[in-house]
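Visitor: In the working numbering, the protein residues as written are -2 to 92.
Using N, Cα and C, we set each Cβ at its ideal position, and we do this for glycine too.
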Amino acid sequence: MTWFKFILWLAVIYTLYYGGLICWELLRTKRMPGEEQHELTFVDEAVPLKTVPTGESHAAAAAVSAVVSSGGVKIKDIFRLAQEEAIEYIRPVSF
């Protein structure tokens, strides 16, 4: 048996199995049109609150951020560091 035949058989079995399950579910859930299903419905009664805008803008709040950089390195910098042999990029991983 070749890999192609194995994968083909696997795909056929997969399709038949899940196709059968879908057909079984469709045939099993057929109900009379007058019959209703019982459903639970939850209504969340949220009351909106009025807020008073402050004198501070969003731009001023973003300028005070403690994050200096995201820590990302540009691909150009990676190649530059590799050319300078500042990083080891061909060393095997040791466990």
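The alpha helix (DSSP H) spanning G69 covers which residue range?
Guide: From DSSP, G69 is part of no alpha helix (DSSP H); its letter is neither H nor E.
Visitor: From T12 to K27, what distance separates their C-alpha atoms?
Guide: Each residue's alpha carbon lies about 23 Å from the other.
Visitor: Between which two residues does the alpha helix (DSSP H) carrying I84 extend?
Guide: In the DSSP assignment, I84 falls outside any alpha helix (DSSP H) and carries neither an H nor an E.
Visitor: Distance check for L78 and D71, CA to CA, integer angstroms please.
Guide: Correcting the residue type first, residue 71 is Lys in the shown sequence and not Asp. Cα to Cα, the separation comes out at about 11 Å.
Visitor: Distance check for E82 and P45, CA to CA, integer angstroms please.
Guide: 60 Å
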